[in-house]
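Those protein sequences? They're chains A and B, same order as listed.
Reminder that position 258 of the first sequence reads as 258 in the UniProt record's numbering, one-by-one numbering, no gaps.
Reminder that position 246 of the second sequence reads as 246 in the UniProt record's numbering, one-by-one numbering, no gaps.
Structure record follows, encoded as structure tokens.
Protein chains: 2
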Amino acid sequence: MAKEGVEKAEETEHMIEKDGGKDQESVLTAGDTKEMRAVVLAGFGGLNKLRVTKKLMPEPLEGEVKIRVKACGLNFLDLMVRQGNIDNPPKTPLVPGFECSGIVEALGENTKGFEIGDRVMAFVNYNAWAEVVCTPLEFVYKIPDDMTFPEAAAFSMNFVAAYMMLFEVANLREGMSVLVHSAGGGMGQAVAQLCSTVPNVTVFGTASPFKHEAIKDSVTHLFDRNVDYVQEVKKISPEGVDIVLDCLCGENTGKGLGLLKPLGTYILYGSSNMVTGETKSFFSLAKSWWQVEKVNPIKLYDENKVIAGFSLLNLLFKQGRSSLVKIVVDKLISLYNARKIKPLVDSLWALEEVKEAMQRIHDRGNIGKLILDVEKSPTPLMANDSTETSEAGEEEEDHEGDTDNKERMPFIQ
Amino acid sequence: MAKEGVEKAEETEHMIEKDGGKDQESVLTAGDTKEMRAVVLAGFGGLNKLRVTKKLMPEPLEGEVKIRVKACGLNFLDLMVRQGNIDNPPKTPLVPGFECSGIVEALGENTKGFEIGDRVMAFVNYNAWAEVVCTPLEFVYKIPDDMTFPEAAAFSMNFVAAYMMLFEVANLREGMSVLVHSAGGGMGQAVAQLCSTVPNVTVFGTASPFKHEAIKDSVTHLFDRNVDYVQEVKKISPEGVDIVLDCLCGENTGKGLGLLKPLGTYILYGSSNMVTGETKSFFSLAKSWWQVEKVNPIKLYDENKVIAGFSLLNLLFKQGRSSLVKIVVDKLISLYNARKIKPLVDSLWALEEVKEAMQRIHDRGNIGKLILDVEKSPTPLMANDSTETSEAGEEEEDHEGDTDNKERMPFIQ
């Protein structure tokens with residue numbers, strides 16, 4: 001799937017190897033050497049707030065790595081950022097994006113452990129969706145030779161979060177069971193693959209019916225995302241499950257806690273219902289926040305249950321736990337090298353196609369991860385393209401009807 | 001400490017070996033073969049509700065083991081039971097007690113895996129504080145030859161709960177830190193010993209100052225239980241701790257959560273403040289319940305925190321998880337055999353001394369576990385014994401003043 005991106009990436013890599021050094025970077029960019037293309041969010045709102053513009057290219061500060069970006073991950077969280085539906089949103093205009101892969105192009109002072117030309121993946125605290133990114137070295141990781149750039153961009157956020165939730169927050173062991181929503185998405189597939197590394201783990205997953213055929217090998221029991229998953233799980237396992245991973249929030253917190261076996265762990269790691277879910281209006285953020293049932297610790301005591309929250313970005317950028325994450329990345333790369341996990345890339349999109357890509361993830365049309373391929377040229381608009389008028393998160397009416405269109409969304413490979 | 005009890009136990013064991021078989025059990029009891037001594041709680045309330053009486057001796061049903069009891073564990077929970085301060089209290093009169101050790105005296109039908117004469121420890125759903133106990137075989141575990149009966153009675157509840165909290169609910173690993181209240185009690189000492197089996201774990205503990213000298217080797221940083229432990233921990237570790245084990249409840253839940261590092265786990269496993277704590281009246285149960293701050297899962301998400309409740313008795317007797325507990329007991333016995341853990345027995349008490357024993361635990365006078373030694377004769381009352389008039393949990397006035405007496409409490413070894 002990601003073949004085109006890789007070949008391009010390798011060409012560029014050779015160029016760097018030939019030219020070497022920080023001073024030659026100008027040969028890599030067409031036009032003004034101090035500018036770069038980037039996706040810019042002009043203000044919080046719908047898709048029309050996004051555009052690709054030229055921006056001043058950043059230079060690495062002390063301890064930072066400058067990366068020539070090849071591919072960027074697109075996450076559900078990016079839709080929430082676009083809408084401003086996050087805690088303490090930063091000021092706009094901003095360049096979105098929290099993860100990318102590419103080639104080290106320059107190093108700030110006192111930046112040990114990397115060399116120019118290294119193939120890397122990285123976390124960035126915004127600013128990932130650009131041709132060049134600078135980020136502190138603690139957030140940069142070398143990638144295996146046979147990992148493509150789109151794979152690497154699909155790897156960091158989803159696999160690190162899935163691993164830490166399953167093995168550090170919860171304690172996944174042989175014979176346990178896990179419920180994951182959006183099992184066909186990038187995170188769902190990371191969870192399913194990591195579960196398969198432990199013997200005899202049962203994975204319950206929800207996904208739109210059209211994805212079931214594609215993901216049925218990775219998920220033990222698949223349910224339509226529109227059915228009552230509590231009843232479906234209980235039909236198969238009346239006792240419930242050991243681990244619930246919830247990216248929906250709202251009333252799903254109570255449902256998830258109710259599904260736990262004794263000693264089971266519920267983990268809230270997102271709130272995608274705030275963007276697209278069953279609620280119909282833009283007021284869903286405030287609604288979801290208050291709809292979450294607060295938990296009485298004495299009830300947890302009576303029932304022997306665990307409730308947790310997990311935010312990888314807060315862990316990295318607010319709570320300074322990059323050293324823990326580094327250990328996890330090393331373990332994950334070992335699993336990748338042992339061919340036990342492999343990121344599933346849904347589709348590659350040019351930066352200029354970011355709106356279509358966002359629409360696709362909003363409509364839950366993806367199977368695996370959506371990737372922005374920085375070197376890809378945009379596909380010409382199709383006759384029925386309605387991106388400029390259909391803006392996820394701004395409509396007052398139900399967006400569910402749009403899902404009929406998802407098979408017609410551009411699917412570029 | 002437990003020497004006297006052990007010697008007696010061994011004598012009895014030899015008798016069983018000589019006489020063998022179920023039919024000879026009558027030689028083991030003095031007087032009426034179908035009666036036994038037991039502690040009976042006539043109604044919920046103060047110490048005056050407890051007495052030792054003769055009761056009909058139970059016989060094992062199918063799947064049950066009949067145990068000639070040598071020693072019983074006394075836990076803080078037993079004080080809460082006495083007061084009726086538990087969820088869905090059973091009907092009185094009842095025989096309290098949830099754990100004991102002794103010798104298998106008879107087996108119900110279909111009770112495989114044990115033989116008459118086996119030295120065992122067991123969980124019982126009430127009825128432990130008696131000369132004879134019958135309990136399903138799933139709650140009975142053989143003990144090592146060199147584990148004394150008082151040690152065994154001090155082992156099951158505290159070490160199993162501590163192990164499951166540290167290693168299954170939380171995920172204690174090298175270099176982490178743990179806060180435990182009542183570090184000098186049976187549970188606190190079990191936690192401290194299990195922490196010492198993992199390299200480089202820092203244990204913060206609260207305990208009354210007079211215990212500090214005795215327990216200072218097992219706890220890295222000891223605080224007076226009356227100081228503000230939040231401030232004391234933060235002075236030493238501004239970032240907080242990885243695991244908080246809270247047996248106090250009430251406002252300590254918020255304090256504990258506040259002390260957690262990112263990815264840290266708070267576990268509520270008791271609510272001893274309901275019995276003795278800072279609150280002054282019998283209304284403290286209801287108060288504590290409502291004083292517990294309910295937790296918003298979205299806050300856990302923002303802060304990357306985990307909150308859990310743990311009740312071993314619910315796990316065993318309501319939630320049917322004895323097979324999980326069996327695995328833990330096996331691991332703990334390996335640790336015991338490897339001399340890595342050893343229950344700390346505070347003192348041995350005759351059944352007739354149960355009131356004094358309860359007063360001692362109520363006043364937090366104990367260092368390690370209080371044990372009822374079934375074969376021990378009561379020590380004559382001391383001149384200043386005030387048990388009949390000082391009844392823990394019934395007073396309207398503050399009980400803290402009584403702690404001055406704790407050095408004078410009978411301390412029988």
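Cβ coordinates follow ideal geometry from the N, Cα and C atoms, glycine included.
In this text the structure is predicted, and so the values were computed from the model without any measurement.
Can we say the stretch 134 to 146 of chain B touches the stretch 169 to 178 of chain B, given the rule of at least three CB pairs closer than 8 Å?
-> no
Determine the direct distance from the alpha carbon of T202 of chain B to that of Q83 of chain A, and round the result to whole angstroms.
-> 44 Å
Would you tell me roughly how many angstroms separate the C-alpha atoms of A30 of chain B and G184 of chain B, rounded to the nearest one?
-> At A30 of chain B, the pLDDT of 47 sits below 50, so the modelled position is not reliable and the matter cannot be decided from this model.
Compare the C-beta of P96 of chain B against all C-beta atoms of chain A and say whether one is closer than 9 Å.
-> no
Rounded straight-line distance, which links the Cα of Y141 of chain B to that of L335 of chain B | 15 Å
Beta-carbon contacts of L370 of chain A that lie in its chain and below 7 Å, excluding the five residues immediately before and after | L74, D346, S347, W349, A357, R360, I361
Check I143 of chain B in the structure and name its three-state DSSP category.
-> coil
Using a C-beta cutoff of 9 Å, does T265 of chain B count as contacting chain A?
-> yes
Would you list the one or two residues that DSSP bridges to D246 of chain B?
-> B:L268
Ends of the alpha helix (DSSP H) at E356 of chain B?
-> 354 to 362
Taking 9 Å as the CB-CB limit, is S156 of chain B close to chain A?
-> no
7 Å Cβ cut-off: residues of chain B touching N314 of chain A | D302, N304
Counting contacts by CB-CB distance shorter than 9 Å, is D87 of chain B in contact with chain A?
-> yes
Comparing the C-beta of T202 of chain B with each C-beta of chain A, is any distance below 9 Å?
-> no
Residues, ordered as in the chain, of the stretch 310 to 336 of chain A that lie near chain B by beta-carbon distance below 9 Å | F310, S311, L312, N314, L315, K318, Q319, G320, R321, L324
Alpha-carbon spacing of H221 of chain B relative to A192 of chain B, whole angstroms = 11 Å
Nonlocal neighbours in the same chain, by C-beta distance under 6 Å from G270 of chain A, ignoring five residues either side = C247
Take the Cβ of D224 of chain B as the centre, count every other Cβ of all protein chains shown within 10 Å, and call the residue buried at 16 or more, exposed below.
-> exposed
Is the Cβ-Cβ distance between G309 of chain A and L260 of chain B less than 9 Å?
-> no
Give the residues of chain B in contact with S169 of chain A, contact being defined as C-beta atoms less than 9 Å apart.
-> Looking at the sequence itself, residue 169 of chain A is Val, so the reference to Ser does not match. Those are N171, L263, T265, N304, V306, listed as they occur along chain B.
Buried or exposed: E391 of chain B, going by 16 or more other Cβ atoms within 10 Å of its Cβ?
-> Confidence in E391 of chain B is poor, its pLDDT being 44 and thus under 50, which makes the residue's placement too unreliable to answer from.
Apply the 10 Å Cβ neighbour rule to E109 of chain B and answer buried if 16 or more other Cβ atoms are within range, or exposed otherwise.
-> exposed
With distances taken between CB atoms, is the gap from M164 of chain A to L312 of chain A smaller than 9 Å?
-> yes
Rounded straight-line distance, which links the Cα of V325 of chain A to that of I103 of chain A | 21 Å
Buried or exposed by the 16-neighbour rule on C-beta atoms within 10 Å, applied to S323 of chain A | exposed
The stretch 208 to 219 of chain A touching the stretch 143 to 162 of chain A, judged by at least three CB pairs closer than 8 Å | no
In or out: Q189 of chain A buried (at least 16 other Cβ within 10 Å) or exposed?
-> buried
Which residues in the same chain have their Cβ closer than 6 Å to the Cβ of E232 of chain A, if we skip the five residues on either side of it in sequence?
-> F223
Is the closest heavy atom of the ligand MG to the C-beta of K54 of chain A under 8 Å?
-> Of ligands this structure carries none, so the ligand MG is not represented either.
Return no unless some Cβ of chain B is closer than 9 Å to the Cβ of K294 of chain A.
-> yes
So L344 of chain A packs on G368 of chain A, CB below 8 Å; how close in whole Å?
-> 3 Å
CA-to-CA distance, P378 of chain A to G97 of chain A, given in whole angstroms | 19 Å
Assign L372 of chain B to one of two classes, buried (16 or more other C-beta atoms within 10 Å of its C-beta) or exposed (fewer than that).
-> buried
Buried or exposed (CB count within 10 angstroms, at least 16 for buried), K280 of chain B = Because the pLDDT of K280 of chain B is 33, which lies under 50, any placement of that residue in the model is unreliable, and the question is left without a value.
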